[in-house]
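Colleague: With the first letter of the sequence shown counted as 1, position 62 gets the number 58 in my numbering; the numbers rise by one all the way through.
We put the CB at the ideal spot given by N, CA and C, even for glycine.
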Amino acid sequence: HWPCSGNGDCKWIFRKCGRNSTNNADIYVIESKKFRSKFMYVTRDRDVRFYWQDPEVVCDADINFQWHLFRESCSGSNLVSNSEESTASDAVFETYYIKSIGKNGWLWIEPWNRVLVRDCRFAWEFQARKSCGMARGFVFNEKIDRRTELEYIGWDRD
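#1: Taking DSSP as the reference, what is the three-state secondary structure of D43?
#2: Using 8 Å as the threshold, is the C-beta distance between G14 and I23 below it?
#3: Using the C-alpha atoms, what's the distance from D41 back to N19?
#4: Under the three-state reduction of DSSP, which class applies to N16: helix, strand or coil?
#5: From K7, K34, F134, pick the residue whose C-alpha is nearest to that of Y93; which is it?
#6: Less than 8 Å separating the beta-carbons of F61 and V53?
#7: With DSSP as the reference, label D50 as helix, strand or coil.
#8: Using a threshold of 8 Å, state whether the C-beta atoms of G101 and V113 are closer than that.
#9: In angstroms, rounded to a whole number, what distance separates the CA positions of I9 and K30?
#10: In its own chain, which residues sit with a C-beta less than 7 Å from the C-beta of W48, not counting the 5 before and 5 after it?
#11: Leaving out the 5 sequence neighbours to the left and right, which residues in its chain are closer than 6 Å to D43 when beta-carbon positions are compared?
#12: Buried or exposed for R117, please, with buried defined as at least 16 other CB atoms from any protein chain shown within 10 angstroms of its CB.
#13: Taking the alpha-carbon of V38 as reference, which of N109, S96, D115, W108 has the nearest alpha-carbon?
#14: Between which two residues does the beta strand (DSSP E) carrying F66 extend?
#15: Does I59 come out as helix, strand or coil in the three-state DSSP assignment?
#16: With DSSP collapsed to three states, give me the class of D115.
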């Protein structure tokens, strides 16, 4: 993804909506910090756009606003859920992976800067770098933890 231009353009708030009991992972919606109430959404064509939504109802508005957030394990070989119970390090500059719940695919940046959701067509999609490459890996250069939301600042592709 192209470098951030500053002025808050690459600041995102991950608002926790609850927990998926099937895979025991937290559910988030992703809001632009600069353009409040604009949330990341996956279209029918699997393109990623930002749409206005009332923050009070966005968690229940449409499944295409919902995401799981995973990060690489300490060994870099597997992905682990970014949940409150996680015991892995919360260090900044870790590689994160963002999976659409509505489309069951990974947030991906193509070389020509198109942002979309793609499938990982490997049986080992949770084996981080070994399976689907780094086009779906993101590094945040600042993190602020809160009980119900995570604010990640500086969205750079690894």
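Modeller: Taking the definition as stated:
#1: Taking the first residue of the sequence shown as position 1, residue 43 is located at position 47. Correct three-state label for D43: strand.
#2: Sequence index remark: in the sequence shown, residue 14 carries index 18 (1-based). Sequence index remark: in the sequence shown, residue 23 carries index 27 (1-based). Result yes, Cβ atoms of G14 and I23 sit closer than 8 Å.
#3: In the sequence shown, residue 19 corresponds to position 23, counting from 1. In the sequence shown, residue 41 corresponds to position 45, counting from 1. Near 25 Å, if we compare the C-alpha coordinates of D41 and N19.
#4: Position 20 of the sequence shown, counted from the start, is the residue given in the question as residue 16. Note: N16 maps to strand in three-state DSSP.
#5: Residue mapping note: residue 93 aligns to position 97 of the sequence shown, counting from 1. Looking at the Cα atoms, F134 is the closest of the given residues.
#6: Along the sequence shown, read from residue 1 onward, the residue named residue 61 stands at position 65. Along the sequence shown, read from residue 1 onward, the residue named residue 53 stands at position 57. Cβ distance not < 8 Å, so F61 and V53 don't count as in contact.
#7: Stepping through the sequence shown from its first residue, residue 50 is reached at position 54. Residue state, collapsed to three classes: coil.
#8: For the purposes of this step, residue 101 is identified with residue 105 of the sequence shown, where counting begins at 1. For the purposes of this step, residue 113 is identified with residue 117 of the sequence shown, where counting begins at 1. Closer than 8 Å, so yes.
#9: Translated into positions along the sequence shown, residue 9 becomes position 13. Translated into positions along the sequence shown, residue 30 becomes position 34. Rounded to whole angstroms, I9 to K30 spans 10 Å at the Cα level.
#10: For the purposes of this step, residue 48 is taken as the residue at position 52 of the sequence shown. These residues qualify, in order along the chain: S33, K34.
#11: Position 47 of the sequence shown, counted from the start, is the residue given in the question as residue 43. So the qualifying residues of the chain are L112.
#12: Here residue 117 refers to the residue found at position 121 of the sequence shown. Per the 10 Å Cβ criterion, exposed.
#13: Sequence index remark: in the sequence shown, residue 38 carries index 42 (1-based). Residue S96 is the option with its Cα nearest to V38.
#14: Residue numbering aside, residue 66 sits at position 70 when the sequence shown is read from its first letter. Start and end: 63 to 68.
#15: Reading the sequence shown from its first residue, position 63 is the one you call residue 59. In the structure shown, I59 sits in a helix (DSSP, three-state: H, G or I).
#16: By one-based count along the sequence shown, residue 115 stands at place 119. In this structure, D115 counts as coil in the three-state DSSP scheme.
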